[in-house]
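Participant: Before I ask anything, let me first share the structure, which is written out below as structure tokens.
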Amino acid sequence: KAGVTQTPRYLIKTRGQQVTLSCSPISGHRSVSWYQQTPGQGLQFLFEYFSETQRNKGNFPGRFSGRQFSNSRSEMNVSTLELGDSALYLCASTPGGAGDTEAFFGQGTRLTVV
Amino acid sequence: AQTVTQSQPEMSVQEAETVTLSCTYDTSESDYYLFWYKQPPSRQMILVIRQEAYKQQNATENRFSVNFQKAAKSFSLKISDSQLGDAAMYFCAYRSSGAGANSKLTFGKGITLSVRP
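Okay, here's the thing in structure tokens:
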């Protein structure tokens, strides 16, 4: 079974631009969550999508958005990039039920904003 | 809101020795899961061990075991017979498991574990 795939692995963007990151979950998983990891703030939850609907949202500005497609693949978008958006962005997938016992993570997308 | 605290930013252990990583959490919920994740330099988050809050027995996975103290809201990880491959960043994480729960994980700040040969 293929794992969680995130693309691209690395990105360099200029301040003010926008960026789209992609996450393909494990086959059969319907929930995709996104996390931002920085040295200063650690791992922070961005949002979760389940069956194409946002089920939970963290405390991030509206510049951060996401969506999920019918095949459960998810994208997150960051508009008007700021230097502070430089981070490792991780996505995790689970089947999506209350009994989920493990989240499976991708290898992340390293975003650098210059 | 739930919080997870890992107060030790770094720890070091001699190969083949035992090390314990500490974690405390705060929650008003009764149903939840606790996890330890490992993040090596490859950045891939790997589940090390999980504990269901309703289970009194401490979870064990080979060389990894936990000391779960529900009343004290403490969840420490013990690594026995440490190996060079155990060197990584370790994160303690919390997830609700009651009705209506979603998949959100709340992480601690992490601890960097180094293993001395």
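Chains as they are written, first to last, in our numbering: chain A, 1 to 114; chain B, 115 to 231. Think of the CB as a built atom: it goes at the ideal place given N, C-alpha and C, for glycine as much as any other residue.
1) Just the C-alpha distance for Q120 of chain B and T7 of chain A, rounded to the nearest angstrom, thanks.
2) Hey, how far is the Cα of V180 of chain B from the Cα of V133 of chain B?
3) Between the stretch 140-154 of chain B and chain E, which residues of the former have CB atoms less than 7 Å from a CB of the latter, in chain order?
4) Should N176 of chain B be flagged as near chain A, meaning a C-beta pair shorter than 9 Å?
5) Does S31 of chain A come within less than 9 Å of chain B when only Cβ atoms are used?
6) Let me know the secondary structure DSSP gives G42 of chain A once reduced to three states.
7) Figure out for me which residue from A:S70, A:A92, A:P61 has the closest Cα to the Cα of N77 of chain A.
8) Kindly give me the distance between the Cβ atoms of V118 of chain B and G222 of chain B, rounded to whole angstroms, as I take these residues to be in contact under 8 Å.
9) Report the neighbours of G16 of chain A on chain B: residues whose CB is nearer than 8 Å to its CB, in chain order.
10) Leaving out five residues on either side along the sequence, give the residues of the same chain with a beta carbon under 6 Å from the beta carbon of M203 of chain B.
11) Run through chain A and tell me which residues come within less than 7 Å of L161 of chain B, C-beta to C-beta.
12) I'd like to know if S121 of chain B contacts chain A, where contact means its C-beta is closer than 9 Å to some C-beta of that chain.
13) Only counting the same chain, and skipping five residues up and downstream in sequence, which positions put a Cβ closer than 8 Å to that of Y35 of chain A?
14) Is the beta carbon of A167 of chain B less than 9 Å from the beta carbon of S217 of chain B?
15) Give the C-beta separation of L135 of chain B and S190 of chain B to the nearest angstrom, bearing in mind that I take them to be a contact with Cβ-Cβ under 8 Å.
16) Out of curiosity, what's the CA-to-CA distance linking T109 of chain A and E175 of chain B?
17) Scan the stretch 67-101 of chain A for residues whose Cβ lies nearer than 8 Å to a Cβ of chain B and list them as they occur along the chain.
Facilitator: Taking the definition as stated:
1) Going from the Cα of Q120 of chain B to the Cα of T7 of chain A covers about 31 Å.
2) Spanning the two alpha carbons is a distance of roughly 11 Å.
3) As a matter of chain content, chain E is missing from the structure shown, whose protein chains are A and B.
4) No, N176 of chain B does not count as interfacial toward chain A.
5) Interface annotation, S31 of chain A: in contact with chain B, CB-CB separation under 9 Å.
6) In the three-state DSSP reduction, G42 of chain A falls in the strand class (E or B).
7) Selected option, being the one with the closest Cα: A:P61.
8) Here V118 of chain B really is in contact with G222 of chain B; their C-beta atoms are around 4 Å apart, less than 8 Å.
9) Near G16 of chain A there are no residues of chain B at all, since even the closest Cβ is about 27 Å away, more than 8 Å.
10) The answer, listed in chain order, is Q153, G224, T226.
11) What L161 of chain B touches in chain A, judged by beta-carbon distance under 7 Å, is E102, going in chain order.
12) So, not an interface residue.
13) L43, Q44, F45, L46, Y89, L90, C91, A92.
14) In this structure, S217 of chain B does not lie closer than 9 Å to A167 of chain B by Cβ.
15) Between S190 of chain B and L135 of chain B the Cβ distance is about 6 Å, and since that is below 8 Å, they are a contact.
16) C-alpha separation (whole angstroms): 30 Å.
17) Contacts with chain B (Cβ-Cβ distance below 8 Å) from the stretch 67-101 of chain A involve L88, L90, A92, T94, G96, A98, G99, D100, T101, listed in chain order.
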